[in-house]
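Engineer: Numbering (my numbering), first residue to last: 21 to 105. Glycine is no exception: its CB is placed at the ideal position from the N, C-alpha and C atoms. Got a structure for you, written out below as structure tokens; questions coming shortly.
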Amino acid sequence: MHTQVSLNPGEVVRLPAGSRWECVGGFGWLTQHGQDVKLRCGFALDVGDPAGAVVEALGGPLQLRLAETTAPAFARLIGALGRLA
């Protein structure tokens with residue numbers, strides 16, 4: 021199973037620190053460490069900023085998929101957040 025984030029233009033989401041994402045469709049931008057990076061299909065990105073990264077779709081839908089190498093760690097993070105609620 022793949023964890024995927026789909027955004028429509030104007031929607032914004034914060035990706036968690038320590039995760040790696042692959043752009044599998046669309047175009048957008050990401051901000052981390054105070055710098056903007058353009059995203060397009062085929063790009064992969066590591067979220068290295070401890071605050072996470074902000075991503076937004078531009079001009080159409082954007083699809084990001086969590087890279088397999090970080091999926092177990094991300095699942096543990098989501099599980100831990102659920103226990104805190």
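Which same chain residues end up closer than 8 Å to R40 when comparing Cβ atoms and leaving out the 5 residues on each side of it in sequence?
Structural biologist: Here the question's residue 40 lines up with position 20 in the sequence shown. Excluding positions up to five away in sequence, the list reads A64, L65, D66, V67, L86, A87, T89 and T90.
Engineer: Using a threshold of 9 Å, state whether the C-beta atoms of C43 and L78 are closer than that.
Structural biologist: Counted from its first residue, the sequence shown places residue 43 at position 23. Counted from its first residue, the sequence shown places residue 78 at position 58. For C43 and L78, no; Cβs fall outside 9 Å.
Engineer: From the DSSP secondary-structure annotation, give me the bridge partner or partners of L78.
Structural biologist: What you label residue 78 is simply residue 58 of the sequence shown in a count that begins at 1. Bridge partners of L78: none, in fact.
Engineer: Please state whether DSSP places V67 in a helix, a strand or coil.
Structural biologist: Locating residue 67 in the sequence shown gives position 47, where the first residue counts as 1. Coil at V67, not helix or strand.
Engineer: Inspect the beta-carbon positions of G30 and P81 and report whether they are closer than 9 Å.
Structural biologist: Counting from one through the sequence shown, the residue named residue 30 turns up at place 10. Counting from one through the sequence shown, the residue named residue 81 turns up at place 61. The answer is no: Cβ separation not under 9 Å.
Engineer: What do you get for V32, buried or exposed, if any count of 16 or more other CB atoms within 10 angstroms of its CB means buried?
Structural biologist: Working through the sequence shown from its first residue, we reach residue 32 at position 12. That one is exposed.
Engineer: Looking at the secondary structure, which residues open and close the beta strand (DSSP E) in which C43 lies?
Structural biologist: Along the sequence shown, one-based indexing puts residue 43 at 23. Unbroken beta strand (DSSP E) run through C43: R40 to G45.
Engineer: What is the DSSP secondary structure of P29, reduced to helix, strand or coil?
Structural biologist: Taking the first residue of the sequence shown as position 1, residue 29 is located at position 9. Correct three-state label for P29: strand.
Engineer: G48 by DSSP, collapsed to three states: which one?
Structural biologist: In the sequence shown, residue 48 corresponds to position 28, counting from 1. G48: strand per DSSP, three-state reduction.
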